[in-house]
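Novice: Provided herewith is a single structure, encoded as structure tokens, for subsequent inquiry.
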Amino acid sequence: MTDTPFRDLLATPGVREVCRLEGRLGFMAYHGGSLEHLTDVIADEAAARSGASYYGVLQPADLTWHIPSHRVSPAESPVLAGFLEHVDMVITIHGYGRHGMWTTLLLGGQNRELAGHVSAHLRPALPEYTIETDLEQMPKELRGLHEHNPVNLPRKRGVQIELPPRVRGTSPIWADWKGPGHVPHTVSLIDALATAATALSATAASPSSTPSPPALRQNPGAGHTL
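Numbering (this note's numbering), first residue to last: -12 to 213.
Structure representation (structure tokens):
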């Protein structure tokens, strides 16, 4: 890996960097496109429906270049730097797959109050899934706590959501799905994320109602999404 992997990725033919600056809450999906399937679509649609900002990096079909989150640096992208300056906090969408965790969504990141807010919307929308907010129950590398992870760079930091294949509609159980649109679980997920984001925007004018980060700190090497 080079010293500037994210810059090199963005310069690769076919890679698209997408950004919309709207509300002070943002959605991110910088492992989008062919890498972590449908993460960019989920983040984009939830942001569009809630008036949130959006940042995504989409890889073409012939590329699956995984850069660890702590190496996704705003110093290598003026667009990402502008996005992180604009938003107060973020919801970052990732995809993962672990044996025995096919129906578990992991809500990591340093803003634990925001994680609780989002989980309160996800649980009733996705009753077939476990919505995990206990950091100790998550694999260390999927907790999203690294200080250089983009989810923790806005002023109020954010929540990192790791989605298993089933809720993204990429599991074999959806092989017979003909549409139209997303599979039902993905629709419910996007609905819940948009509702959670809209609720935050509605209370943003009241400091006492806006989730702010707790006193959580993590040594740089202790946990980051791969």
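For every residue, glycine included, the Cβ atom is placed at its ideal position computed from N, Cα and C. From a predicted model like this one, the values you see are computed outputs, not experimental measurements.
How is the alpha helix (DSSP H) around Val2 delimited, first residue to last?
Specialist: Careful: Val2 lies outside any alpha helix (DSSP H) and carries neither H nor E.
Novice: Please go through the stretch 42 to 113 and give each complete beta strand (DSSP E) segment of 3 or more residues, from N-terminal end onward.
Specialist: Correct list: 76 to 82, 91 to 95.
Novice: In angstroms with no decimal places, state the Cα-to-Cα distance between Ala189 and Ser37.
Specialist: Looking at the two C-alpha atoms, the distance is approximately 10 angstroms.
Novice: Per DSSP, what kind of secondary structure is Leu150 in: helix, strand or coil?
Specialist: Of the three classes helix, strand and coil, the one that applies to Leu150 here is strand, per DSSP.
Novice: For His81, which of Pro126, Asp49, Arg142, Ile148 has the nearest alpha-carbon?
Specialist: Residue Ile148 is the option with its Cα nearest to His81.
Novice: With Pro47 and Gly20 assumed to form a contact (beta carbons below 8 angstroms), what rounded beta-carbon distance in angstroms separates them?
Specialist: Their Cβ separation, rounded to whole angstroms, is 6 angstroms, which keeps Pro47 and Gly20 in contact under 8 angstroms.
Novice: Using the rule of at least 16 other Cβ atoms within 10 Å of the residue's Cβ for burial, across every protein chain shown, is Ala124 buried or exposed?
Specialist: According to the sequence as given, residue 124 is Gln; it is not Ala. Gln124 should be labelled exposed.
Novice: State the Cα-Cα distance for the pair Ile78 and Ala62, rounded to the nearest angstrom.
Specialist: Cα to Cα, the separation comes out at about 20 angstroms.
Novice: To the nearest angstrom, report how far apart Leu(-4) and Leu71 are at their CA atoms.
Specialist: For Leu(-4) and Leu71, the distance between alpha carbons rounds to 19 angstroms.
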